[in-house]
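Okay, structure first, notes after.
2 protein chains.
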Amino acid sequence: MAHEENIVRFGILGCAEIARKICRAINLSPNSIIQSISSRSTEKAKQFAIKNNLSELVKVYGNYEAVLDDPSVDAVYIPLPTSLHLKWAVLAAEKKKHVLLEKPTALNVEELDQILEACESNGVQFMDGSMWYHHPRTSWMKEFLLDPNLFGQVKTIYSSSSYLPPPQFFETNVRTKADLDGLGALGDAGWYCIGAILWAMSYKLPTTVTTLPATNLNSNGVIMSTTVFLHWEEEETTAIFYCSFLSHETMDISVLGSKGSFHVEDLIIPYEEISASFKLTSGAGFADLHIGWNEKEKEVQVHNELPQEALMVKEFSRLVKGIKESKIRPDTRWSGISRACQVVMDAAKASMDGGFKAVYI
Amino acid sequence: MAHEENIVRFGILGCAEIARKICRAINLSPNSIIQSISSRSTEKAKQFAIKNNLSELVKVYGNYEAVLDDPSVDAVYIPLPTSLHLKWAVLAAEKKKHVLLEKPTALNVEELDQILEACESNGVQFMDGSMWYHHPRTSWMKEFLLDPNLFGQVKTIYSSSSYLPPPQFFETNVRTKADLDGLGALGDAGWYCIGAILWAMSYKLPTTVTTLPATNLNSNGVIMSTTVFLHWEEEETTAIFYCSFLSHETMDISVLGSKGSFHVEDLIIPYEEISASFKLTSGAGFADLHIGWNEKEKEVQVHNELPQEALMVKEFSRLVKGIKESKIRPDTRWSGISRACQVVMDAAKASMDGGFKAVYI
Chain G
1 MAHEENIVRF GILGCAEIAR KICRAINLSP NSIIQSISSR STEKAKQFAI KNNLSELVKV
61 YGNYEAVLDD PSVDAVYIPL PTSLHLKWAV LAAEKKKHVL LEKPTALNVE ELDQILEACE
121 SNGVQFMDGS MWYHHPRTSW MKEFLLDPNL FGQVKTIYSS SSYLPPPQFF ETNVRTKADL
181 DGLGALGDAG WYCIGAILWA MSYKLPTTVT TLPATNLNSN GVIMSTTVFL HWEEEETTAI
241 FYCSFLSHET MDISVLGSKG SFHVEDLIIP YEEISASFKL TSGAGFADLH IGWNEKEKEV
301 QVHNELPQEA LMVKEFSRLV KGIKESKIRP DTRWSGISRA CQVVMDAAKA SMDGGFKAVY
361 I
Chain Y
1 MAHEENIVRF GILGCAEIAR KICRAINLSP NSIIQSISSR STEKAKQFAI KNNLSELVKV
61 YGNYEAVLDD PSVDAVYIPL PTSLHLKWAV LAAEKKKHVL LEKPTALNVE ELDQILEACE
121 SNGVQFMDGS MWYHHPRTSW MKEFLLDPNL FGQVKTIYSS SSYLPPPQFF ETNVRTKADL
181 DGLGALGDAG WYCIGAILWA MSYKLPTTVT TLPATNLNSN GVIMSTTVFL HWEEEETTAI
241 FYCSFLSHET MDISVLGSKG SFHVEDLIIP YEEISASFKL TSGAGFADLH IGWNEKEKEV
301 QVHNELPQEA LMVKEFSRLV KGIKESKIRP DTRWSGISRA CQVVMDAAKA SMDGGFKAVY
361 I
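The listed protein sequences derive, respectively, from chains G and Y. For the record, in the first sequence the residue sitting at position 116 is 116 according to full-length UniProt numbering, with numbers rising by one throughout. For the record, in the second sequence the residue sitting at position 277 is 277 according to full-length UniProt numbering, with numbers rising by one throughout.
Next up, the structure:
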């Protein structure tokens, strides 16, 4: 099975919790398999294989280099802490492995540019691990959003991404350590908000990014909670996002246009695997005497054949196959999206570091 | 009927569109009737009476003073442009008429304080015309919000209030004129957002109010659209509101706590008169492998016996009756709420006028 030509063979660098979900997704995706996994110790990697019922054909390594040196590996999935992305994503590209990189992609855009340059010069595909782009609901929402009669122009966007981890998270998790995932809640939860806002703006960068002075840092100086304001001056469009490790779980986006609006409360991970919904209104107004609305919000249900993370792997592997079989160039759409997110994230960090002033992009 | 002792007899100052809704509400409320109406011309007032099927017993006046001089009037409803509130609300109080005043209550808190002082020294009840406080859904949401186990602490609040009026609105409506409703979208739509946010914070004023530099003013310098940031430093709580005459209709509030959250998209005027709902989650987390949530958002339906505006009139008349019959002092809870809203609105205006800097309250 590992030698079928039309299958993309994945190696996994690191056994983070999120790798469990992606292993399952690789197995669910019809065009990919897990070829090898690795951890800093062979024992840990073996335990991971057992816990996740991986096939006995999957190779288990006690170091990441071995995966990159394995000639049967086509592509790697990298769920390592953000501070390790630059080293391992560049090394992977140099070994001609296609790169599926967990978000946030890097500590800053300079690092990401080195990763993207390595991917481009080595002819390998790049994609970050944001799954929700690949859910069919996202396409349906985009169709509504782009309809000039039903939705009109984007006026304002609100997004929040938050969760309240258990107390030990704040002591031990990499997302609370300046030298590991130094961007904290901004890099983890905020990445999704930034992506969702840019998605709604068709990836046009804002004129300014301003982090608001209500930002909670832990004793390591890592962001635990923040609110950021984005402004597109020409369009007179605004966006706000809130990301936090100190609040109940939210994954909201509401996009308000001149003629319509829509709301989602489970954007990043839908409540259920098999379907998801969004709620829209269009052309709404008051009923006579303002005693109600002329129409209620409508809920649009969207079914999905595969979970969104499997659809992500399927799309990544489709692109990899195209490169392997037809020698076409890697698709740069996904790296462009990652880069736009990273630019806005850097600006939010710079705004905070500069006393919460507006940062022009 | 107009002489029954336990009925509060209303006079209406002005025939604005909103007065139609309140006339209906007065008639629906079991403890109140319309005693007289007025406009700047008798003809306009007569047309209003016909259009709204008012009883032939209702007196029709061609000036506002006549209503205030009518000894059979207990209370007045004042839907005049904001710039006229100070004059007519003070006059009404001096004539011992109880005051139900349309929002925004005044052009600034100094004006409102004169109105409240006149009401207090004349022993008359004051209430502003914000209807949604009186819907039973609001009490249900508050119960959830105050539950330390289900909701926890308020972390962040988002509210939007917007609508897209027809083109002639921008030429002729009082809300676009600096000398009439000079607060524009902030005074009209923003009033509700401020009220909703303060309601969620049990009316504790924020430490700072900052209007964000993406504010649209018309050629008269009146706010057509703006975004405002509120910060409670001690609680580390934040709120954002967006109010606009340039966007599709929204009436959103989402309140995010440490343990739960809730969302409403028809806060100010429910979609339907007879019932309304809100959606909550509490204690939500990821399912195993992060492939979904351990619980979906729940929708709570709340039925209401009377429309919210009739419940508002009923509550106002109940307080008026108490004063008339038992000689108790006016209830200052409602004036306190109005004043808190006005203080935040003034701060938002001051922030804008001062170059979008934070204004400390």
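Cβ atoms here follow ideal geometry from the backbone N, Cα and C, with glycine treated the same way. Predicted, not measured: the structure shown is a model, and the values here were computed from it.
Contact between Y/SER159 and Y/CYS119 fails: their C-beta atoms lie close to 28 Å from each other, not under 8 Å. Y/LYS21 is classed as buried because its beta carbon has at least 16 other beta carbons within 10 Å across all chains shown. Under the three-pair Cβ rule at 8 Å, the stretch 122-138 of chain G does not count as touching the stretch 156-173 of chain G. Here DSSP, grouped into helix, strand and coil, assigns Y/ARG329 to coil. In this structure, DSSP gives G/SER275 an extended state, which the three-state scheme calls strand. Listed in chain order, the beta strand (DSSP E) runs fully inside the stretch 148-231 of chain G are 154-162 and 208-211, counting runs of at least 3 residues. Residue contact check for G/SER247 against chain Y: a CB pair falls below 7 Å. Inter-residue distance for Y/TRP199 and G/ALA347 is about 34 Å (C-alpha atoms, whole angstroms).
No Cβ of chain G is located within less than 7 Å of the beta carbon of Y/ILE12. Under the three-state reduction of DSSP, Y/GLU305 is assigned to coil, being neither helix nor strand. Look at Y/HIS98 here: in three-state DSSP terms it is strand. At the C-beta level, Y/LEU186 and Y/ILE223 come within 7 Å of one another. Contact between G/ASN6 and G/LYS321 holds, with the beta-carbon distance rounding to 6 Å and staying under 8 Å. Here the C-alpha atom of Y/ASP69 lies approximately 11 Å from the C-alpha atom of Y/TYR61. Straight through space, the alpha carbons of G/LEU319 and G/ASN27 are spaced by roughly 17 Å. Under the three-state reduction of DSSP, Y/MET345 is assigned to helix. When C-beta atoms of the stretch 105-125 of chain G are compared with those of the stretch 328-335 of chain G, three or more pairs fall below 8 Å, so the two segments count as touching. Spanning the alpha carbons of G/LYS96 and G/LEU86 requires a straight line of approximately 15 Å. Excluding sequence positions up to five before and after Y/VAL124, its CB lies within less than 7 Å of the CB of ALA93, LYS96, LYS97, HIS98, VAL99 and PRO330, all in the same chain and listed in chain order. Contact annotation: G/THR207 and G/GLU236 have beta-carbon atoms that are not nearer than 7 Å. The Cβ-Cβ distance between Y/GLY283 and Y/GLN153 does not fall below 7 Å. Across the stretch 214-237 of chain Y, CB contacts with chain G closer than 7 Å involve ALA214, ASN216, THR227, PHE229, HIS231 and GLU236, in sequence order along the chain. The alpha-carbon separation between G/TRP88 and G/VAL343 amounts to approximately 21 Å. The beta carbon of G/PRO136 lies closer than 6 Å to those of VAL302 and ASN304 in the same chain, with the five residues before and after it left out. For Y/PHE286, the residues of chain G that pass the 9 Å Cβ criterion are TYR163, GLU249 and ILE269, in the order they occur in the chain. The Cβ atoms of G/ALA358 and G/ALA25 do not sit closer than 7 Å to each other. Under the 8 Å Cβ criterion, the stretch 249-265 of chain Y counts as touching the stretch 245-262 of chain G, having at least three qualifying pairs.
For Y/LEU217, the CB contacts under 7 Å within the same chain, skipping 5 residues up- and downstream, are ILE223 and MET224 in chain order.
Cα atoms of G/PRO165 and Y/PHE144: separation of roughly 22 Å, rounded to the nearest angstrom. Taking a Cβ-Cβ cut-off of 7 Å, the neighbours of G/ARG20 in chain Y comprise LEU289, given in sequence order. Look at G/LYS87 here: in three-state DSSP terms it is helix. Y/VAL228 and Y/ILE361 do not touch by the CB rule: their CB atoms are close to 13 Å apart, not below 8 Å. The beta-carbon of Y/GLY257 is placed less than 7 Å from the nearest beta-carbon of chain G. Residue pairing by DSSP places Y/VAL255 opposite Y/ILE157 and Y/PHE262 in a beta bridge. When DSSP states are grouped into helix, strand and coil, Y/GLN125 belongs to the coil group.
If you look at G/TYR77, you'll find it in the beta strand (DSSP E) that goes 75-78.
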